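What follows is a short report on a single structure.
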Amino acid sequence: MEETISAAWGSTGCSDSEQKVKQHTKASVTKVREKALFAAIRFILLGKTMPRRKRKSQEQFSEASRTLPRAKGKKNRVLIVEGGGMRGAFAGGVLAAMNRWYPSRRFDLVVGVSAGSCSAAYYVTESPNDLEATLKNLNVWRYELSDGRFLARRRLLGKKTVMDQNYLIDHLFGSRYRLKKERLDNPRSTPLFVVVSNLSSGKPEYVRATAENALPLLKAATALPVATKGRSNLGNEMFTDGAVTDPIPVEAVIDAGYKDITVVLNHPRSYITGRTGRLLSFLSFPYNKSMARFVRHEYHIKYNRAKEVINHPPPGVKIRIVDPPMSLPMKIVTTNEQILNQVVDMGLEAGRKAFEKMQVEKRRFRRWITGLFRKRQ
483 MEETISAAWG STGCSDSEQK VKQHTKASVT KVREKALFAA IRFILLGKTM PRRKRKSQEQ
543 FSEASRTLPR AKGKKNRVLI VEGGGMRGAF AGGVLAAMNR WYPSRRFDLV VGVSAGSCSA
603 AYYVTESPND LEATLKNLNV WRYELSDGRF LARRRLLGKK TVMDQNYLID HLFGSRYRLK
663 KERLDNPRST PLFVVVSNLS SGKPEYVRAT AENALPLLKA ATALPVATKG RSNLGNEMFT
723 DGAVTDPIPV EAVIDAGYKD ITVVLNHPRS YITGRTGRLL SFLSFPYNKS MARFVRHEYH
783 IKYNRAKEVI NHPPPGVKIR IVDPPMSLPM KIVTTNEQIL NQVVDMGLEA GRKAFEKMQV
843 EKRRFRRWIT GLFRKRQ
C-alpha cells in the first residue's frame, strides 16, 4: 500500500534542487532577522528607526519650488486666479475666453488658488488654437458637477465627504477631460504655481505644478474644510486648501517683484468678507486649534487686505481686474445646472470684453507705430 501511494505521489525523499531551495530560504530568513536585530539595536542606542527610502512622488515634491520665483524684469506679467468653490465657474469662463484673446504665453507666471488652480491648470496646458478642447473642458463646470456624483449634501449624514475629490481630480481631470499635465514641464510653457496651506506651519506655500505632482497638488489645493476631509498629503506633509491662508496672493506676488498683475475674481471687486463664525472655524479644523484660530481671527483680515491692495495698488504696480459685474447668484456649494451655465457664460463675456479691448488697443498702437516709421522714411 505504501509503495502504491509513493509511486502515485512521487518519492518522499528530497532531491538536490529541493535541498538548495531550503538552504537559500534559510539564508534569506537569517538575513531578515539580522536586519531586524540591527534596526532594534539602532533604535535602542540612537532613539530612531532606520531611514525609509522616499517614494518618487515625495522626492518630486521636495525638489519642486515652494516659493514664488522672483520677477526677472520690470515688465514681468503675472495672472492670479481666485478660488471660491463652485463660484469658480465664473473664472473658468473667463480663462476660456482668455485662452482665445490672451493666452497663457503672454504671462510670465500664473498663480491659482483653490478651485481657481484647476481652471488655471487647463489655461496653461491647453493650446489657444484648440477652441474645441477649450469649450469641451468648460463642460466640467457646465454639466459634470451638478448631478450629485461630485457634490451631495446628503453625505453629511454618512462617512463620505460632501465633495468627492477622487471623482473631480482622478476621474474628470485625470481621465474624462484629461489635463495635459506633461505640458507643465515644457520649458516654453508658462510656470503654474498653486497655493496650498501647510497644516504644520499654518503658512501658505506656493508650489510649482509639474507633470509628476499636478493631480496630487490640485487635490491638496481644493481640500476645502468641512466639504472634504480638509487635508491632503503631498510628499510627507499634510496640506489643506490654499485659500485658507492666502485667498488672493496679490501681496506675495508684489513682494516677489511683479509689477504688472491681472487678477480674476469670483466676487465683485468691492466685496469684502466678514469674520468667520466660531462654529464654522471649529468644524473646519476640529483637530488643529491653531488653524481654527487663524480662520476665526485672521482669514477675513487677510482677504480684505488683499482686496484693498487690488483696488488701490501701491505706486509702480499696475493691476488689471476681471470680476463679475454683480454678486454671483450662487454659493460655494451650488450645483444647479442652469445657474452654473449662467455663471460660466458671465465669465466668458467678462473675459472677452476685458481682453478683446486690449487686443484692439494693441493693434491700433502697432498701426500708429508703423505709420510713424513710414512718415520718417
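Position one of the sequence shown corresponds to residue 483 (the working numbering), numbered consecutively onward. No residue lacks a Cβ here, since even glycine has one placed at the ideal position from N, Cα and C. Since the structure is predicted, the reported quantities are computational estimates derived from the model, not experimental observations.
Going by C-alpha distance, which of the options is nearest residue i?
i, options, result
"S763", "L810, A738 and V726", "V726"
"W583", "G567, E831 and T852", "E831"
"K556", "Q824, K800 and S599", "K800"
"P729", "E719, L747 and E838", "L747"
"S679", "L617, V622, M720 and Y625", "M720"
"T672", "P551, M808, R845 and S809", "P551"
"Y649", "T852, P750 and V622", "V622"
"S682", "F655, L810, L654 and S714", "S714"
"R637", "V708, E687 and G594", "V708"
"Y659", "M645, K642, N611 and S601", "S601"
"H779", "R760, P768, G594 and F767", "R760"
"G567", "T616, M645 and K641", "M645"
"S657", "V842, K641, N619 and R569", "N619"
"A579", "P796, E608 and R848", "E608"
"R631", "L639, L617, T852 and Q647", "Q647"
"T549", "Y769, L674 and H653", "L674"
"G684", "M808, R775 and N823", "R775"
"V563", "G724, H653 and L716", "G724"
"G594", "N823, T704 and R848", "T704"
"H749", "W850, L810 and N581", "L810"
"N581", "I736, L617 and P795", "L617"
"K814", "L706, L765, I736 and W850", "The identity of residue 814 in the sequence shown is Ile, whereas the question assumes Lys. Among L706, L765, I736 and W850, the Cα nearest to that of I814 belongs to L706."
"I736", "P797, L639, H653 and R635", "P797"
Under 7 Å between the Cβ atoms of residue i and residue j?
i, j, result
"T722", "R802", "no"
"I651", "L700", "yes"
"P806", "M773", "no"
"S547", "R690", "yes"
"A702", "D667", "no"
"Y688", "N558", "no"
"I821", "N786", "no"
"F589", "L633", "no"
"T710", "T816", "no"
"A571", "V825", "yes"
"A696", "K663", "yes"
"A836", "V804", "yes"
Which whole-angstrom value describes the C-beta separation of residue i and residue j, a residue pair presumed to lie in contact below a C-beta threshold of 8 Å?
i, j, result
"V606", "S586", "5 Å"
"G756", "L577", "Rounded, the Cβ-Cβ distance is 28 Å, inconsistent with contact."
"E733", "A788", "6 Å"
"G575", "G598", "Not quite, the Cβ-Cβ distance comes to about 12 Å (not below 8 Å), so this is no contact."
"L661", "Y604", "7 Å"
"V777", "P731", "Going by Cβ atoms, the distance from V777 to P731 rounds to 17 Å, so no, they are not a contact pair."
"M812", "R569", "6 Å"
"P845", "N793", "Looking at the sequence shown, residue 845 is not Pro but Arg. Not really, about 29 Å apart at Cβ, beyond 8 Å."
"F767", "G712", "7 Å"
List the DSSP bridge partners of residue i.
i, result
"R690", "F675"
"M645", "L633"
"V804", "V746"
"N680", "F721"
Of all the CB atoms in chain B, is at least one closer than 7 Å to the CB of residue i?
i, result
"K556", "You won't find chain B in this structure, because it holds only one protein chain."
Next item on the list: Tell me the start and end of each unbroken beta strand (DSSP E) in the region 713-759 that is at least 3 residues and wholly inside, in chain order.
Entry: 714-716, 719-723 and 742-746, all fully within the region 713-759.
Checklist line | Ordered list of beta strand (DSSP E) runs contained in the region 547-602, each at least 3 residues | finding: Counting whole runs of 3 or more residues, the region 547-602 contains the beta strand (DSSP E) stretches 559-563 and 591-595.
Note to self: Ignoring anything shorter than 4 residues, give me the alpha helix (DSSP H) runs that lie fully in the region 772-856, in order along the chain.
What the structure shows: Secondary structure in the region 772-856: the alpha helix (DSSP H) runs of 4 residues or longer, each lying completely within the stretch, are 781-793 in chain order.
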